[in-house]
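Trainee:
Residue numbers (the working numbering): -3 to 158.
1) Below 8 Å between beta carbons: does that hold for residue 56 and residue 7?
2) Does the beta-carbon of residue 44 have 16 or more other beta-carbons within 10 angstroms, so that it is buried, or is it exposed?
3) If you follow the beta strand (DSSP E) that residue 48 is part of, which residue opens it and which one closes it?
4) Who are the near neighbours of residue 42 in its chain, counting only those whose CB is closer than 6 Å to its CB and skipping five residues on each side?
5) Just reading off the beta strand (DSSP E) that residue 123 is part of, what are its end residues?
6) If you compare alpha carbons, which of 3, 145 and 50 is closest to residue 132?
7) Mark residue 152 as exposed unless 16 or more other C-beta atoms lie within 10 angstroms of its C-beta, in which case mark it buried.
8) From this set, -1, 129 and 47, which residue's C-alpha is nearest residue 75's C-alpha?
9) By Cβ distance below 7 Å, which residues in the same chain neighbour residue 160 in space, the five residues on each side in sequence not counted?
10) If the criterion is Cβ atoms closer than 8 Å, does the pair residue 83 and residue 2 meet it?
11) Determine, using beta carbons only, whether residue 87 and residue 53 come nearer to each other than 8 Å.
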């Protein structure tokens, strides 16, 4: 195998793995309509990503070692090692659930009196609760980014969700 063919293989490997891991992120987006094929493709890619990325990282490392053995120039070695960074990043990201990052529970909500809630329009839906004559409400369009509010209402700890 020549230095050039190894470099091309490393490049193709990096692009393939980055696309493999990134595709579900862009196909499954909150607040965007989705079709069954998008979910099927995303589920397949996400399910296999931990294995595929680990194997790709091992192959990439092997290709870099082979390039080193072929006495590549210092800039070629540097580029080859730098190419392992996105492979390692994809291997790590494949084991993460990015939706958990996007939809972190709201643990310390701020409140305003209803008269001061000018950011809530009359037609907006709210999720409300009353406990011991104390009331709280959260606009659904804001709650959609968190899905859960952990707070106290009327001195009672609650988890509000929809």
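The beta-carbon is built from N, C-alpha and C at its ideal position, and this holds for glycine as well. Predicted, not measured: the structure shown is a model, and the values here were computed from it.
Mentor: Concretely, from the data shown:
1) no
2) exposed
3) It is not in any beta strand (DSSP E) - residue 48 instead sits in the alpha helix (DSSP H) that spans 32 to 65.
4) 20
5) 122 to 127
6) 145
7) exposed
8) -1
9) Since the displayed the chain opens at -3 and closes at 158, residue 160 lies outside it and no answer follows.
10) no
11) yes
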